[in-house]
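Per the working numbering, residue 56 is the first one in the sequence shown, and the count goes up by one each step. Here's the structure, in structure tokens; my notes come after.
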Amino acid sequence: MIYLSTPISRLGRQPTVRIANMALRWCERELGVNNRKKYKPVWTVRKGDVPDLCGEYDDEDNEVYVYWDNCDTVRELIQTCIHEWTHQLQPIRTKYFKYPGTYSRNPYERAARYAEKKHTPACWAHIKKHINKNKHGLRNK
């Protein structure tokens with residue numbers, strides 16, 4: 056069984072990437088997309104190049120990046136997906152950098168952290184019914 060507290064290091068790449076893709080599809084369906092963009096967002100789930108960076112949003116390309124191997128647990132992986140997806144919904148280009156001060160006090164970062172807390176339970180409820188179909192956490196074929 057896979058839980059929110061399950062370490063990513065125990066899962067490995069394939070199940071972790073599957074969970075991230077499920078979380079991002081959930082975000083697209085449940086949180087929606089930013090219609091001010093010229094095209095729908097895309098996402099990439101891959102190994103991280105920078106330690107301690109779990110994800111980022113590229114407003115130029117409208118792309119969400121999730122670095123699965125930098126997340127410690129399934130909870131952190133799902134929260135990263137929700138956090139970065141929230142940035143996709145925000146006016147990052149026009150307003151994000153207008154706020155002086157620290158990263159943690161930026162209202163867009165605060166909103167993304169709030170979204171993590173608010174939506175993680177519902178996202179996990181959707182994912183766990185699919186991911187825990189057998190004892191290995193892999194879908195039966």
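Heads up, the beta-carbon is just placed ideally off N, CA and C, and yes, glycines get one too.
Ranked by Cα distance from A78, the options Y169, H138, P106 are led by H138. In this structure, the beta-carbon distance from V97 to E83 does not fall below 7 angstroms.
In the DSSP assignment, W179 falls within the unbroken alpha helix (DSSP H) covering 162–186. Contact between V121 and I74 is absent: CB atoms are separated by about 10 angstroms, not below the 8 angstroms threshold. Judged by DSSP in its simplified three-state form, R91 adopts coil rather than helix or strand.
Inside the region 78–122, DSSP marks whole beta strand (DSSP E) runs of 3 or more residues at positions 97–101, 110–113, 118–122, from first to last along the chain.
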